[in-house]
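Each number in my numbering corresponds to the 1-based position in the sequence shown with 60 added.
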Amino acid sequence: MSAEPDGPEDRLRRFATIWSRAVFPVTSTSATRPEFEQQLLPLARRLSEALKARIFDADEAKAVGAALVAAHCTDPEALTRTLDCVDAYLVLYCGEGGVQEDLRARAARIEHAMAAGFAKALRERTLAEQEAIAQAALRAQGVVAQALHASEARFRAVFEGAAIGIGIADLDGNVLQVNGALLRMFGLSDQSLRGRRVPEWTHPDDAPQTWRLYDELVRGEREHYHVEKAFYRPDGTALWTNLTVSLLRDADGNPQYQLALMEDTTERRLLNLRLRYEATHDALTGLPNRTFFFERLEKALGAGQDQRFGLCYLDLDGFKTINDSLGHAAGDRLLVEIADRLQSCATAPGEMVARLGGDEFVALTTGPETQREVDELAARIMNALLAPVSIDGRELTVRGSIGIVEGPAGERSPAEVLRSADITMYRAKSAGGNRYELADPEADARAITRHGLTTALPTALDRGEFFIEYQPLVHLGDGSVRGAEALVRWLHPQHGVLGPDRFIPLAEHTGLIVPLGRWVLEQSVRQARAWQERYDGAGPLRINVNLSPCQLSHPGLVQDTVDILERAGVTPDALCLEVTESALIGADDDLLKPLRRLAEMGVDIALDDFGTGYSNLANLRRLPVSILKLDRSFTQSMQQFPADPVDLKIVEGIVSLAHGLNLAVTVEGVETGAQAEQLRILGCDTAQGWYYARPGPPERLHELALVDATG
Ligand code: C2E
Ligand code: MG
Ligand code: MG
61 MSAEPDGPED RLRRFATIWS RAVFPVTSTS ATRPEFEQQL LPLARRLSEA
111 LKARIFDADE AKAVGAALVA AHCTDPEALT RTLDCVDAYL VLYCGEGGVQ
161 EDLRARAARI EHAMAAGFAK ALRERTLAEQ EAIAQAALRA QGVVAQALHA
211 SEARFRAVFE GAAIGIGIAD LDGNVLQVNG ALLRMFGLSD QSLRGRRVPE
261 WTHPDDAPQT WRLYDELVRG EREHYHVEKA FYRPDGTALW TNLTVSLLRD
311 ADGNPQYQLA LMEDTTERRL LNLRLRYEAT HDALTGLPNR TFFFERLEKA
361 LGAGQDQRFG LCYLDLDGFK TINDSLGHAA GDRLLVEIAD RLQSCATAPG
411 EMVARLGGDE FVALTTGPET QREVDELAAR IMNALLAPVS IDGRELTVRG
461 SIGIVEGPAG ERSPAEVLRS ADITMYRAKS AGGNRYELAD PEADARAITR
511 HGLTTALPTA LDRGEFFIEY QPLVHLGDGS VRGAEALVRW LHPQHGVLGP
561 DRFIPLAEHT GLIVPLGRWV LEQSVRQARA WQERYDGAGP LRINVNLSPC
611 QLSHPGLVQD TVDILERAGV TPDALCLEVT ESALIGADDD LLKPLRRLAE
661 MGVDIALDDF GTGYSNLANL RRLPVSILKL DRSFTQSMQQ FPADPVDLKI
711 VEGIVSLAHG LNLAVTVEGV ETGAQAEQLR ILGCDTAQGW YYARPGPPER
761 LHELALVDAT G
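Structure follows, in structure tokens:
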């Protein structure tokens with residue numbers, strides 16, 4: 061076996077192999093398994109292309125479903141196994157490079173279309189078979205009339221041996237004969253259908269034309285008709301059939317009997333319903349999903365005059381922190397609870413709630429009055445989030461930001477509406493969250509979309525659009541500059557300077573954070589070296605660099621860091637890596653190992669934004685950290701004078717606990733001298749904030765440090 065990683069072609073083959081192994085046992089093909097696999101390979105290729113195509117083409121997936129029937133995979137089990145296989149393996153083997161969530165949604169649509177194509181092809185094939193049987197029956201129609209016709213034997217053989225149900229009735233509707241297959245469909249074992257009357261078999265789901273066609277046929281005005289029809293079985297369950305009824309005439313051409321051919325479609329129908337449900341609902345919360353929502357929005361936007369729509373686009377605030385610190389299972393439960401609450405906000409006709417993915421939900425209202433309704437809807441949603449959610453005995457406060465778009469039908473496409481809602485939601489979030497904002501077309505035009513930023517990110521690194529600002533870290537005891545934190549910025553060609561909050565989450569999502577983070581580390585360490593060379597006063601200046609959770613789990617972290625330090629000629633103890641609290645809580649030993657190795661080498665590890673996660677203080681002992689960075693919110697509460705005594709007590713408690721565990725304490729966001737003094741009294745070691753300096757170019761730090769050393 062070669063250790064080379066597989067190329068896309070190898071993976072495609074693997075998918076075709078798995079597929080053929082799953083389906084081959086239930087096909088009636090005369091091909092061998094490897095031959096059958098060869099037949100599936102081009103189909104697999106088409107699925108793979110449909111998965112990645114920019115625009116989804118349902119016909120392509122339908123054609124693959126139909127091709128299965130042509131390849132003798134006519135057993136419903138073959139379809140079930142195929143769909144299971146696509147569900148489990150298509151994205152895995154053929155989805156390289158795509159966004160998982162999008163690929164999964166696409167795969168669901170492929171499955172749905174395949175099932176539809178399969179069902180249609182099978183129906184056509186069955187119809188062709190039915191036609192052949194009807195022909196035989198017609199050829200033998202004299203038989204039924206004149207008991208001893210020469211072709212009776214042939215007709216009998218067809219009648220009894222057929223896999224589809226056959227029944228014969230007279231023109232008054234009295235059932236004369238039914239075959240075994242038909243009895244089995246009804247779950248009967250004897251001829252108990254004989255003597256029943258056809259017109260009794262009405263069903264609430266009968267299509268309106270069903271009985272008109274029947275009347276025309278028994279009056280001799282039509283030769284056959286074809287409908288989809290449900291029957292009641294004796295146990296009350298529904299039997300769904302494809303029903304073809306033909307008129308049989310006697311030798312003189314007078315109408316005499318009716319011949320019904322029926323195919324049981326109950327299973328297939330259930331499968332289709334299930335597939336439709338799965339393709340249009342979110343597995344976790346049971347809410348309608350993005351696909352379903354788009355269909356509804358499309359309909360609402362295509363509605364007639366005087367119709368309007370209102371849309372609330374909700375994104376939970378700080379969901380990631382909850383997910384990271386309490387684990388995904390807890391995050392999932394939270395989402396389910398939120399979904400339930402949202403559902404109860406939109407119960408009126410014309411209203412719906414859907415989950416778009418992650419912690420993003422939408423609520424839609426339609427009709428003539430949505431201007432007023434959508435505001436009420438948003439208010440109901442905010443209200444529904446108010447009560448804390450109880451998970452594992454913790455009361456979690458959940459807040460959300462909502463972007464509202466409202467307008468007349470017929471002007472915009474669903475994608476435009478959603479983009480506007482997304483931008484508006486983002487505006488609500490940037491304004492601090494826990495609020496709703498109304499879309500503003502002018503702001504939309506200026507807005508920076510997440511999508512636009514995401515696509516520009518990869519080239520930005522190559523083009524050198526990132527730069528780093530440094531913010532000094534000051535010793536609270538003597539006011540000396542001890543080092544600086546490196547904070548990355550993006551000089552975007554259109555939008556100007558963007559802060560890390562705008563693009564770090566996107567870089568994390570796309571994986572670009574790893575090369576970007578490496579670049580930041582490299583630059584900052586080099587900068588530290590330059591400071592050391594120019595300024596060798598009281599001890600070396602240290603450099604603090606932020607690490608994302610994705611970088612933590614990247615296997616190259618330790619080696620990259622060692623290489624970067626060595627190349628720059630900087631000792632490990634001049635480097636401090638900042639990891640957010642939420643990334644480390646619940647981290648297992650494997651995740652901590654690289655950090656531990658770095659700590660053993662002498663690199664300091666700081667727990668950033670401490671106090672914002674839900675960490676267990678006792679857990680600190682387990683982590684390889686040597687510094688706590690108290691979150692800005694603690695400092696903020698000290699802004700007013702006198703500061704809240706409870707907050708002071710908390711900080712005092714944290715500081716003494718940290719010192720007891722041999723951890724140094726840094727505070728962030730110090731904006732006034734009073735705060736600095738207060739924090740010094742409370743025993744904090746170092747501080748960072750606008751009071752000392754805003755983040756700025758590296759030369760600034762040099763000046764500050766020099767002033768500090770000389771003055
Ligand atoms: P952080 O590590 O907690 O960084 C401190 C943030 O507080 C910085 O925001 C800084 O500009 C801001 N700040 C400093 N002093 C004050 C103050 O006195 N008042 C107020 N209101 N704010 C102050 P910034 O630069 O926007 O960075 C935000 C976050 O982005 C950082 O939070 C860090 O988590 C992340 N980040 C920045 N650079 C990088 C990077 O290179 N890699 C990674 N993974 N994350 C980064
Ligand atoms: Mg930081
Ligand atoms: Mg911080």
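Cβ coordinates follow ideal geometry from the N, Cα and C atoms, glycine included.
Since we're looking at a predicted model, the values are computed, not measured.
1) Does the separation of the CB atoms of T297 and M322 fall below 8 Å?
2) Is any non-hydrogen atom of ligand 2 found closer than 7 Å to the C-beta of D668, if you look at the structure I gave you?
3) Using the Cβ count rule (16 or more neighbours within 10 Å means buried), how would you classify L72?
4) Could you spell out where the alpha helix (DSSP H) holding Y373 opens and where it closes?
5) Taking A659 as the reference, which of V639, G577 and E728 has the closest Cα?
6) Enumerate in chain order the residues of its own chain whose CB-to-CB distance from L547 is below 8 Å, with the five nearest sequence positions on each side excluded.
7) Can you tell me whether E641 sits near ligand 2, meaning its C-beta is under 7 Å from at least one heavy atom of the ligand?
8) Three-state secondary structure (DSSP) at L299?
9) DSSP on R549, reduced to helix/strand/coil?
10) Can you give me the C-alpha to C-alpha distance between R586 and H614, rounded to a whole angstrom?
11) Can you list, in chain order, the residues of its chain with a C-beta nearer than 8 Å to that of E281? Leave out the 5 residues immediately preceding and following it.
12) Enumerated in chain order, which unbroken segments of the beta strand (DSSP E) with a length of 3 residues or greater are wholly contained in the region 411-478?
13) According to DSSP, is L307 helix, strand or coil?
14) Kindly indicate which residue of L299, A503, P85 and V305 has the alpha-carbon position closest to the one of V807.
15) Less than 8 Å separating the beta-carbons of A121 and A173?
16) Could you check how far apart the C-beta atoms of E728 and G749 are, in whole angstroms? I think they sit under 8 Å.
17) From the DSSP output, read off the bridge partner residues of G772.
18) Does the region 550-567 come into contact with the region 514-529, if we say contact requires no fewer than three beta-carbon pairs (one atom in each stretch) closer than 8 Å?
19) Compute the minimum distance between the beta carbon of R393 and the heavy atoms of ligand 5, and state whether it is under 7 Å.
20) Is the CB-CB distance between L558 and A544 below 8 Å?
21) DSSP on Q365, reduced to helix/strand/coil?
22) Using DSSP bridges, identify the partner residues of R495.
23) How many Å lie between V711 and A567 at the Cα?
24) State the CB to CB distance for the pair C405 and L437, rounded to an integer number of angstroms; the pair is presumed to be in contact (CB under 8 Å).
25) Kindly indicate the opening and closing residues of the alpha helix (DSSP H) around Y153.
26) Could you check if W271 is buried or exposed, using at least 16 other CB atoms within 10 Å of its CB as the buried criterion?
27) Label A389 either buried or exposed according to how many other C-beta atoms from any shown protein chain fall within 10 Å of its C-beta, with 16 as the threshold for buried.
28) Considering only residues of the region 235-282, which uninterrupted alpha helix (DSSP H) runs meet the minimum length of 4 residues and lie entirely inside it, listed in chain order?
29) Taking Cβ to Cβ, would you say L371 is nearer than 8 Å to A481?
Looking at the atomic coordinates:
1) no
2) yes
3) buried
4) Counting along the chain, Y373 falls outside any alpha helix (DSSP H), though it belongs to the beta strand (DSSP E) covering R368 to D377.
5) V639
6) I528, E529, Y530, Q531, P560, N606 and P755
7) no
8) strand
9) strand
10) 22 Å
11) none
12) 411-417, 420-427, 449-451, 454-456 and 459-468
13) strand
14) The requested residue 807 is not part of the displayed model; the chain covers only 61 to 771.
15) yes
16) 6 Å
17) Outside the shown range of the chain, which is 61 to 771, sits residue 772, and nothing can be said about it.
18) yes
19) You won't find ligand 5 in this model; what it holds is ligand 1, ligand 2 and ligand 3.
20) no
21) coil
22) S461
23) 33 Å
24) 7 Å
25) V151 to C154
26) exposed
27) exposed
28) 240-246 and 270-278
29) yes
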